[in-house]
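Structure, as structure tokens:
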Amino acid sequence: VIAHTYGKVVVKEPGEVEVVERAKPTVPPESYRPYDPGDGLVPPMACFGEGYNVLVESLTHDERGYYAPRSDAQRKLMWRLYRKIAESAPELFDYSVAYLDGCDVALVSYGSTSLSALVAAKILRSEGYRACSIRLRTLFPIYEEGIRKLLEGVEKVFVVENNIGLYYRELRGILKSNEVVSVPIIDLDLPQPKEVVEVVKQWL
């Protein structure tokens, strides 16, 4: 579905997308350390051609960007990267909803499976069920508070995914006040909405 672009792709016009500029280094080139975050978690970033020595190293490295196969360097690097992402969870949390008001049956999905879940929610609503569709665009880091608030008051949460229920396990551990049900559909094609509806009805 994704690789063959069966779905519609919308390319936004220049100016429609917010561009966030990275902080630039304030030290002279001879004092610049490309992976030194200073007082924060995100190092100032110099661009190629601006006179700074920019090292790009994917292996364990120190603040200079030099390969450093040491436990202290690994711990320092990985904890910084972890905190940078985890502490930004509220800002990174992104989703779309349909029919959320008054919903008591939520179909939570992500990726291409969300198309099937949305149609399944429409079918269920046409049959009198107060169903909604929630498409998670950010899976990790998991913003637990945001997910709980989003599903507050929903009786049953059906996690629709094209695998054996991997994200269901994550949500089951977060949503203590909701009944969480896995809807694993293993298929090479886009899951059929009617198949999702049949599984959901077994629990209603």
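In the working numbering, the protein residues as written are 10 to 213. Glycine included, C-beta positions come from ideal geometry on N, C-alpha and C. Keep in mind it's a predicted model, so treat the numbers as computed, not measured.
Problem set entry | Neighbour-count burial assignment, GLU170, 16 or more Cβ in a 10 Å radius | Locating residue 170 in the sequence shown gives position 161, counting from the first residue. Counting Cβ neighbours within 10 Å, GLU170 comes out buried, since at least 16 surround it.
Exercise. Starting from VAL190 and walking both ways along the beta strand (DSSP E), at which residues does that stretch end?
Worked result: Counting from one through the sequence shown, the residue named residue 190 turns up at place 181. Its beta strand (DSSP E) spans residues 188-193.
Problem set entry | Neighbourhood of ARG183 by C-beta distance below 8 Å, restricted to the same chain and skipping five residues each side | Locating residue 183 in the sequence shown gives position 174, counting from the first residue. Here the sequence assigns Ile to residue 183, which means Arg is not the residue at that position. Excluding residues within five positions, the ones whose Cβ falls inside 8 Å are ILE151, GLU153, ILE156 and ARG157.
Exercise. Fully enclosed by the segment 136-162, which alpha helix (DSSP H) runs are 4 residues long or longer?
Worked result: Segments of the alpha helix (DSSP H) lying fully in the segment 136-162: 153-159.
For this session: Report the residue from ALA140, LYS185 and ILE195 whose alpha carbon sits nearest the alpha carbon of LEU213.
Result: Position 204 of the sequence shown, counting from 1, holds the residue named residue 213. The shortest C-alpha separation from LEU213 is found at ALA140.
For this session: Provide the residue(s) that pair with LEU124 in DSSP beta bridges, ordered along the chain.
Result: For the purposes of this step, residue 124 is taken as the residue at position 115 of the sequence shown. BP columns for LEU124 are empty, so no partner.
For this session: May I ask you to verify whether the segment 106-124 touches the segment 59-75, counting CB pairs closer than 8 Å and requiring at least 3?
Result: no
For this session: Report the three-state DSSP secondary structure of ALA77 (helix, strand or coil).
Result: As a first step, residue 77 is located in the sequence shown; it is residue number 68 there, counting from the start. In this structure, ALA77 counts as coil in the three-state DSSP scheme.
For this session: Please list the segments of the alpha helix (DSSP H) lying wholly inside the segment 54-99, counting only runs of 4 or more residues, in order along the chain.
Result: 80-95
Exercise. Which two residues bound the contiguous alpha helix (DSSP H) that contains VAL205?
Worked result: Taking the first residue of the sequence shown as 1, we reach residue 205 at position 196. Per DSSP, the unbroken alpha helix (DSSP H) holding VAL205 starts and ends at 202-210.
Problem set entry | Neighbour-count burial assignment, ARG144, 16 or more Cβ in a 10 Å radius | In the sequence shown, counting from the first residue as 1, residue 144 sits at position 135. Burial call: buried.
For this session: Tell me whether LYS165 sits in a helix, a strand or coil according to DSSP, three-state version.
Result: The residue given as residue 165 occupies position 156 in the sequence shown. Reduced to three states, the DSSP call for LYS165 is strand.
Exercise. Below 7 Å between beta carbons: does that hold for LEU109 and ALA130?
Worked result: Here residue 109 corresponds to residue number 100 of the sequence shown, with the count starting at 1. Here residue 130 corresponds to residue number 121 of the sequence shown, with the count starting at 1. For LEU109 and ALA130, no; Cβs fall outside 7 Å.
Problem set entry | With 16 other Cβ atoms within 10 Å as the buried cut-off, status of TYR214 | What is shown of the chain runs 10 to 213, which leaves residue 214 out entirely.
For this session: Can you give me the start and stop residues for the alpha helix (DSSP H) that TYR176 sits inside?
Result: The sequence position of residue 176 within the sequence shown is 167, counting from 1. From DSSP, the alpha helix (DSSP H) with TYR176 extends over 175-183.
Exercise. To the nearest angstrom, how far is it from the Cα of ALA55 to the Cα of PRO99?
Worked result: The residue given as residue 55 occupies position 46 in the sequence shown. The residue given as residue 99 occupies position 90 in the sequence shown. A direct Cα-Cα distance of roughly 27 Å separates ALA55 from PRO99.
Exercise. What is the C-beta distance between ARG92 and LEU50, in whole angstroms, given that I count them as a contact (C-beta under 8 Å)?
Worked result: For the purposes of this step, residue 92 is taken as the residue at position 83 of the sequence shown. For the purposes of this step, residue 50 is taken as the residue at position 41 of the sequence shown. Confirmed, Cβ separation roughly 6 Å.
Exercise. What does ALA115 pair with, by DSSP beta-bridge criteria?
Worked result: Reading the sequence shown from its first residue, position 106 is the one you call residue 115. Answer is CYS141 and VAL166.
Exercise. With 16 as the cutoff for other CB atoms within 10 Å, does ASN65 come out buried or exposed?
Worked result: Along the sequence shown, one-based indexing puts residue 65 at 56. The amino acid occupying residue 65 in the given sequence is Val; Asn does not appear at that position. That one is exposed.
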